[in-house]
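Remarks on the structure that follows.
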Amino acid sequence: MDIEHVAKLARLKLTDAEKKRFSNQMGTIIKYIEKLNELDTKNVEPTAHVLGLENVFRNDIATNPLTDQDPINDSPAHSKGHYEVPKII
Numbered sequence: 000m001d002i003e004h005v006a007k008l009a010r011l012k013l014t015d016a017e018k019k020r021f022s023n024q025m026g027t028i029i030k031y032i033e034k035l036n037e038l039d040t041k042n043v044e045p046t047a048h049v050l051g052l053e054n055v056f057r058n059d060i061a062t063n064p065l066t067d068q069d070p071i072n073d074s075p076a077h078s079k080g081h082y083e084v085p086k087i088i
């Protein structure tokens, strides 16, 4: 793995010590990927998710919408079609 090329692509300036350390780390990663490539996946179905995901939606049932007065009537205090609130000043 040419760590200098990767650093150039990432626009990184690496010291010689960093180049050596990252070369070793990249080598370890590449070996692990090669090991994964050895797995026999012939009879394995391709999947996008580990678990079978399904959308769970409620049934779309038409209902009567609230009228303008319904929220006011449900408030603790109201009068003549308006909310009543405590005086603050």
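Counting from 0, one number per residue, gives the positions in the sequence shown under numbering that gives the first Met the number 0. Glycine residues also receive a C-beta, built at the ideal position from the N, C-alpha and C atoms. All of these numbers come straight from a predicted model, not from anything done at the bench.
Next item on the list: Can you tell me which of the three DSSP states H119 falls into?
Entry: Any question about residue 119 goes unanswered here, given that the chain covers just 0 to 88.
Next item on the list: Locate the alpha helix (DSSP H) running through D15, then write down its first and last residues.
Entry: As a first step, residue 15 must be located in the sequence shown, where it is residue number 16. Annotation for D15: the continuous alpha helix (DSSP H) segment containing it runs 15-36.
Next item on the list: Rounded to whole angstroms, what's the CA-CA distance from E17 to I32? Just pull it up for me.
Entry: Here residue 17 corresponds to residue number 18 of the sequence shown, with the count starting at 1. Here residue 32 corresponds to residue number 33 of the sequence shown, with the count starting at 1. When rounded, the separation of the alpha-carbon atoms in E17 and I32 is 22 Å.
Next item on the list: Give me the Cα-Cα distance between T14 and T27, rounded to the nearest whole angstrom.
Entry: In the sequence shown, the residue the question calls residue 14 occupies position 15. In the sequence shown, the residue the question calls residue 27 occupies position 28. Their backbone Cα atoms lie some 20 Å apart in a straight line.
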